[in-house]
Amino acid sequence: MAQGAEVLSSKATASLAVGLAIIGAAFGFGKIGGAALDSMARQPEVAKDVRGTMIVAAALLEGATFFGLLICMIALFV
Numbered sequence: 091m092a093q094g095a096e097v098l099s100s101k102a103t104a105s106l107a108v109g110l111a112i113i114g115a116a117f118g119f120g121k122i123g124g125a126a127l128d129s130m131a132r133q134p135e136v137a138k139d140v141r142g143t144m145i146v147a148a149a150l151l152e153g154a155t156f157f158g159l160l161i162c163m164i165a166l167f168v
């Protein structure tokens with residue numbers, strides 16, 4: 091019975107970690123988008139530069155999120 095509880099707690103912990111990674115990414119994307127829209131509204135002439143910077147920041151955030159998900163999946167299945 092102890093082995094079953096250990097496996098269950100391991101899966102629950104990995105699931106919680108995946109959920110936290112996704113929530114953190116969603117929060118980060120919201121902050122990036124909000125800041126970019128605020129900057130574009132204040133200075134419309136630099137919208138292209140802001141958009142490019144926003145895409146780079148979002149790509150970096152997405153890469154970090156995928157890395158976190160990969161680590162959680164490795165912990166879950168190995």
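Residue numbers (the numbering used here): 91 to 168. Virtual Cβ for every residue (Gly too), placed ideally from N, Cα, C. Predicted model only: the values in this text are computed from it and were never measured.
Spatial distance of residue i from residue j (CA atoms)
i, j, result
"Cys162", "Lys101", "10 Å"
"Leu106", "Asp128", "33 Å"
"Val108", "Gln133", "37 Å"
"Leu166", "Ile113", "19 Å"
"Val97", "Thr155", "25 Å"
N- and C-terminal bounds of the alpha helix (DSSP H) containing residue i
i, result
"Glu152", "Ala137 to Phe167"
Candidates the options, of which the one nearest residue i by Cα
i, options, result
"Met130", "Leu98, Met144 and Ala104", "Met144"
"Gly153", "Phe119, Gly94, Leu98 and Gln93", "Phe119"
"Gly124", "Ala95, Ile113, Arg141 and Phe167", "Arg141"
"Leu159", "Ala147, Ala104 and Lys121", "Ala104"
Cutoff 7 Å: residue i Cβ touching any chain C Cβ
i, result
"Phe156", "Absent from the structure: chain C. Only one protein chain is present."
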